[in-house]
Each structure stands twice: as structure tokens, then as C-alpha cells.
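If you use mature numbering (1 follows the signal peptide of the UniProt record, and there is no 0), the sequence shown corresponds to residues -20 to -1, 1 to 82, in order. Here a beta-carbon is modelled for each residue, glycine too, at the ideal position from N, C-alpha and C.
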Amino acid sequence: MNTHRPLLLTLLLASTPLWAQPAAPTTAPAPGEAASRVAVGDATRSLLQRQREGSDASPVPRPIDGSVAEISHQRYLKSFQTELPLWFGSRLGDASAGSAKE
């Protein structure tokens, strides 16, 4: 064990700066700083706009094989055979999420 002591001491001293980082500030951002952040929904609106315009679309058409399209369509039609739950959970890990409440 004595032969490992210098190595352990060196590793401990080398790693000290990693865990001795200052804590992140917990204060609210300045008003000007908050305005520079992306507003909620901007990314989604941008994605939908690019989808409408086709600006990110591939120049090469990629049609779906007929048998794959048929299977997808049948799965879509089958989805209407299942009733929707009356209530959906709003939190991750909610045990009752997606189950029908009476």
C-alpha cells in the first residue's frame, strides 16, 4: 500500500481544482440579459416555418414504398379504434398518466 501512496496523493492534488469550482450564481438574470434569450416556442415556430417553406427539404425526392405506405395507413386507421383517455397526466413519472379517470 505504501507504494501507491505517492500516486494517490498526486491524483488527489491534481483533481482538487476540479471539485473546488465556485458555485454558480443564484441571482436572477439582468433585464437586458433575459431579452437576449430565445423565447418559449420560437424554435418550434422556426421549425414549422422551414417545413412550410421547404427551405431545408432535400432536393432528391424520397417516395415511400407502396407496402410501407399501406402498413402505415392501416396503423393510422387502427388508432381510431382505441378510445382516448379522459385525463392525461401532466408530470413526468405520474403513475396515472394516460389512464382514464372516472
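Taking the C-alpha atoms as reference points, what is the distance between Thr35 and Pro65? Looking at the sequence provided, one finds Ser at residue 35 rather than Thr. Roughly 38 Å between the two C-alpha positions.
Alpha carbon to alpha carbon, what distance is there between Ser59 and residue 105? With the chain covering only -20 through 82, there is no way to say anything about residue 105.
For Leu64, three-class secondary structure by DSSP: Judged by DSSP in its simplified three-state form, Leu64 adopts coil rather than helix or strand.
Between which two residues does the alpha helix (DSSP H) carrying Asp45 extend? It is not in any alpha helix (DSSP H) - Asp45 carries neither H nor E in the DSSP assignment.
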